[in-house]
Amino acid sequence: MRILQPPPGTLYFLDPDMPVTAQRIALRAEAAGAVAWSCATLALDTADAPARAPLREGRHVITARDAASGRTAETWIEVRGL
């Protein structure tokens with residue numbers, strides 16, 4: 117179980133010229149089974165593949181859980197305004 121996207125410590129910047137709905141990142145993981153994503157500070161969109169995280173300012177820890185093995189992995193991102 118490992119998170120492929122986003123790498124830990126990735127820094128993103130919000131673009132004031134782009135709509136908020138367009139400022140999202142894809143979440144990808146390598147796992148034996150289906151992946152359940154969670155984040156205490158972001159409302160993740162997991163309805164479609166790949167799952168997506170909307171960007172908003174702050175430091176965010178994102179967790180992936182492998183449904184087959186129960187193993188988890190974490191990554192974190194930082195988002196700043198321009």
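If you read the sequence shown in my numbering, its first letter stands for residue 117, the second for the next number, and so on.
By construction, the Cβ of each residue, glycine as well, lies at the ideal position given by its N, Cα and C atoms.
Source: prediction; values computed, not measured.
Complete runs of the beta strand (DSSP E) confined to the stretch 129–175 [at least 3 residues]: 140–146, 151–154 and 167–170
Own chain residues within Cβ distance below 6 Å of residue 147, not counting five before or after: 117 and 182
Residue range of the unbroken beta strand (DSSP E) whose run includes residue 184: From DSSP, residue 184 is part of no beta strand (DSSP E); its letter is neither H nor E.
In chain order, what residues of the same chain have a beta carbon less than 7 Å from the beta carbon of residue 137, not counting five sequence neighbours either side? none
Leaving aside the five residues before and after residue 185 along the sequence, list all residues of the same chain whose C-beta is less than 8 Å from its C-beta, in chain order. 117, 147, 148 and 149
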